[in-house]
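Worksheet for the structure shown next.
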Ligand SMILES: Nc1ncnc2c1ncn2[C@@H]1O[C@H](COP(=O)(O)OP(=O)(O)OP(=O)(O)O)[C@@H](O)[C@H]1O
Ligand SMILES: [Mg+2]
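Residue numbers (the working numbering), protein chains in the order written: chain A, 1 to 234; chain B, 235 to 472.
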């Protein structure tokens with residue numbers, strides 16, 4: 001018990017004094033997860049919207065696949081990305097294994113289906129509501145997508161935040177493809193795992209507090225967004 | 235000013251849903267500068283007829299033919315749906331939307347928006363979110379958003395269903411102005427008084443079939459079928 005209390009006190013000291021390691025790891029975490037978020041959103045938001053308004057032959061199968069991909073265990077994603085990027089793998093020549101880029105790739109694969117799926121559901125609802133009006137006004141396909149994305153922007157932001165939340169807290173995949181290398185690929189979650197293993201609770205707890213703060217921030221943002229949506233404040 | 239309206243006709247038109255015919259087979263031609271009122275009991279197929287003419291509902295069989303090329307015909311029509319569809323935006327942005335689609339410049343849009351907000355009595359509500367308006371206010375907004383493009387053809391599906399007497403009269407005046415400016419109006423209503431006030435010609439539907447069509451005064455004075463007579467007298471039509 002004493003050890004934990006001492007750990008918490010030390011953790012606060014690290015945070016208040018902006019400990020160099022803590023700051024570096026936090027920034028890298030943000031860099032990796034935000035990059036993954038931007039890339040995943042660029043793929044998932046238009047794709048989810050397109051899936052909601054376009055009728056094509058394998059639509060149901062595509063949606064089922066998307067939902068299945070959402071449930072992929074991150075560790076397995078890590079394993080697959082590892083195999084792809086390892087020296088003997090198809091992309092081995094790029095030398096990406098154990099770099100932040102590899103971690104970004106893994107996180108993109110993990111959160112893209114999640115963001116696309118939430119986007120698809122929200123956009124399908126909005127499309128059902130707007131369908132007759134947009135057809136009636138003789139809108140072009142581009143105008144329709146633009147209108148849906150604009151009027152659904154809060155929901156889309158919520159989808160993106162959910163993706164970010166999943167990415168920043170994810171440990172299995174990035175541990176495998178990043179290797180948790182000090183000053184190179186060490187991020188919040190992998191560092192916590194390592195420090196806990198070593199018994200250095202101060203740093204582990206300090207990093208844990210930062211991670212919790214980020215997760216709470218994301219959830220508050222989602223909550224605030226859904227409230228402005230419900231109350232219709234513009 | 236509005237360009238001269240085009241005419242439209244339905245040939246052997248049939249709409250089936252879940253294997254059952256809900257409209258037609260129907261042959262119908264609408265031309266002239268008239269104010270057409272579509273009458274009929276609930277479920278007669280009035281909404282379906284309007285949507286088919288406008289092109290938001292597809293035919294299972296037959297054709298809708300406009301006197302102008304399709305692309306042009308689409309551009310000159312507007313539609314007010316039975317349950318108004320509000321964009322999740324402010325009243326102002328809802329009014330501006332059809333004009334933005336046409337790429338009109340901001341100043342022109344702004345002046346038309348203020349003008350129409352005043353005409354539909356929503357100038358106080360311009361910055362409120364449209365989905366939060368009352369039922370009647372929504373109908374007014376939907377009407378303003380349809381008229382703001384000065385359409386040559388305007389479809390209205392019970393535009394006054396939720397309006398009080400005074401608002402109804404105001405809307406009727408707006409519609410008569412639009413008609414005077416050259417807009418062809420095709421409208422459904424359950425208000426026979428309103429039908430008498432506005433209609434130049436009439437379409438009477440029953441069970442998805444075209445039962446009567448013709449000049450309004452003749453229809454009201456001497457309906458040809460017993461069903462139409464019963465409908466006008468407020469009896470239950472079988
Ligand atoms: N998608 C659909 N699937 C099955 N039945 C439908 C569908 N759309 C409409 N119908 C049916 O077709 C009939 C005609 O509907 P429509 O909405 O045109 O009636 P209406 O004359 O406008 O009635 P109201 O006066 O109540 O508005 C109704 O019986 C309705 O239930
Ligand atoms: Mg109807």
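Just so it is clear, CB atoms sit at the ideal spot from N, CA and C, and this is done for glycine as well.
- Against chain B, a Cβ distance below 7 Å from residue 137(A) picks out 332 and 335.
- An exposed status is given to residue 38(A), since fewer than 16 other beta-carbon atoms sit within 10 Å of its beta-carbon.
- Checking the 7 Å criterion, the Cβ of residue 278(B) is within range of a heavy atom belonging to ligand 1.
- Scanning chain B for C-beta atoms nearer than 8 Å to the C-beta of residue 121(A) yields nothing, as the closest lies near 16 Å away.
- Interface criterion not met: the Cβ of residue 316(B) is under 8 Å from no Cβ in chain A.
- Proximity of chain A to residue 290(B) at the Cβ level (cut-off 7 Å) is accounted for by 132, 135 and 136, in chain order.
- When the alpha-carbon of residue 46(A) is set against those of 212(A), 209(A), 165(A) and 148(A), the nearest one is in 148(A).
- C-alpha of residue 89(A) to C-alpha of residue 181(A): approximately 21 Å in a straight line.
- In this structure, the beta-carbon distance from residue 33(A) to residue 288(B) does not fall below 8 Å.
- Comparing alpha-carbon positions, the option among 252(B), 316(B) and 306(B) lying closest to residue 283(B) turns out to be 316(B).
- In the same chain as residue 297(B), and ignoring 5 residues on each side of it, the C-beta atoms closer than 6 Å to its own belong to 245, in chain order.
- Identification of chain B residues near residue 24(A) by a Cβ-Cβ cut-off of 8 Å yields none; the smallest Cβ-Cβ distance measures about 43 Å.
- Taking 7 Å as the cut-off, one finds at least one heavy atom of ligand 1 near enough to the beta carbon of residue 316(B).
- With a threshold of 7 Å, the Cβ atom of residue 391(B) counts as near ligand 2, since some heavy atom of the ligand is closer than that.
- CA-CA distance, residue 192(A) to residue 378(B), rounds to 60 Å.
- Annotation for residue 75(A): the continuous alpha helix (DSSP H) segment containing it runs 74-85.
- In terms of beta-carbon proximity, residue 322(B) lines the interface with chain A, with at least one pair separated by less than 8 Å.
- The beta carbon of residue 112(A) sits no closer than 7 Å to any heavy atom of ligand 2.
- Around the beta carbon of residue 93(A), a 10 Å sphere encloses fewer than 16 other beta carbons of the protein chains shown; the residue is thus reported as exposed.
- Taken through DSSP and simplified to helix, strand or coil, residue 390(B) comes out as strand.
- Just measuring C-alpha positions, the residue of 110(A), 82(A), 104(A) and 111(A) sitting nearest residue 97(A) is 82(A).
- Close CB contacts of residue 300(B) within its chain, under the 6 Å cut and outside five residues either way in sequence, are with 240, 242 and 307 (chain order).
- Within 8 Å of the CB of residue 129(A), the CB atoms of chain B belong to 319, in sequence order along the chain.
- Distance between residue 132(A) and residue 203(A), taken at the CA atoms: about 57 Å.
- At least one CB atom of chain A sits nearer than 8 Å to the CB of residue 308(B).
- Residue 259(B) is positioned such that its CB atom lies closer than 8 Å to that of residue 248(B).
- Taking non-hydrogen atoms of ligand 1 into account, the C-beta of residue 274(B) is found less than 7 Å away from one of them.
- The criterion of a C-beta distance shorter than 8 Å is not satisfied by residue 390(B) and residue 350(B).
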